[in-house]
Each structure stands twice: as C-alpha cells, then as structure tokens.
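Peer 1: Here it is, the structure, as structure tokens.
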C-alpha cells in the first residue's frame, strides 16, 4: 500500500492561514483533520478488515484527501494488529 508523502503544518493561527497548497488542484488549501476510515487488506492469511482514525489533509477547494507518513504508519500498525489476530495456517 503506497500513499503520497505529504506533510502539512499545524500552526497556532487559523487553519486556512496555515494551509498548504493542494498537490492535485494547485489552487486550494489543505486543511488538517482526523478521519475514521474502514478498509480491508489482503494478506497471506486472507483479508484483514480494519478501522482506523488517521490524520488527513483535505483540500478546501477540490476535496482531494492527502495523507502523510504518520497516517501511513498508523495504517500499517492497524493492519499488523488485525493480521496477528488471524489464525495461523496449518501444516501442509
């Protein structure tokens, strides 16, 4: 699973003043927020079904969602945790 490596600042002034420019539309500002996501990931033991709340940046103009390395690390952690709950494959 690959994600864009986008970072944004969480300043002390308003989010609109600190917004990073959107990589997609090049016009809007990326506003940081947390969002709950649900997804499934194929593994060698079958699918794992996951839910996580991750930090996202959302463009205030086009709505494109950006995530950074912190979000990617959280997703990988959730997949690993759910993977570890799956039964071990039996001997062949």
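Residue numbers (the working numbering): 29 to 120.
The beta carbon of each residue, even a glycine, is placed where N, CA and C say it ideally should be.
#1: Assuming contact is defined by CB atoms lying nearer than 9 Å, are residue 105 and residue 83 in contact in what I supplied?
#2: Does any CB atom of chain D fall closer than 9 Å to the CB of residue 103?
#3: Could you have a look at residue 47 and say whether DSSP puts it in helix, strand or coil?
#4: Cβ of residue 91 within 9 Å of Cβ of residue 48?
#5: In whole angstroms, give me the CA-to-CA distance for residue 61 and residue 117.
#6: Measuring straight from C-alpha to C-alpha, what distance separates residue 63 and residue 81?
#7: Look at the Cβ atom of residue 74, then the Cβ atom of residue 114, and state whether they are nearer than 9 Å.
#8: In the DSSP assignment, the beta strand (DSSP E) including residue 69 goes from what residue to what residue?
Peer 2: Short version:
#1: Translated into positions along the chain shown, residue 105 becomes position 77. Translated into positions along the chain shown, residue 83 becomes position 55. Contact flag unset, no.
#2: Note that chain D does not occur in the displayed structure, where there is just one protein chain.
#3: On the chain shown, residue 47 is found 19 positions in, with the first residue counted as 1. DSSP places residue 47 in coil when its eight states are reduced to three.
#4: Position 63 of the chain shown holds residue 91. Position 20 of the chain shown holds residue 48. For residue 91 and residue 48, no; Cβs fall outside 9 Å.
#5: Taking the first residue of the chain shown as position 1, residue 61 is located at position 33. Taking the first residue of the chain shown as position 1, residue 117 is located at position 89. For residue 61 and residue 117, the distance between alpha carbons rounds to 39 Å.
#6: Within the chain shown, residue 63 is the residue found at index 35, counting from 1. Within the chain shown, residue 81 is the residue found at index 53, counting from 1. For residue 63 and residue 81, the gap between their C-alpha atoms comes out near 5 Å.
#7: As a working note, residue 74 is residue 46 in the chain shown. As a working note, residue 114 is residue 86 in the chain shown. Cβ distance < 9 Å, so residue 74 and residue 114 count as in contact.
#8: Translated into the one-based positions of the chain shown, residue 69 becomes position 41. Residues 57-71.
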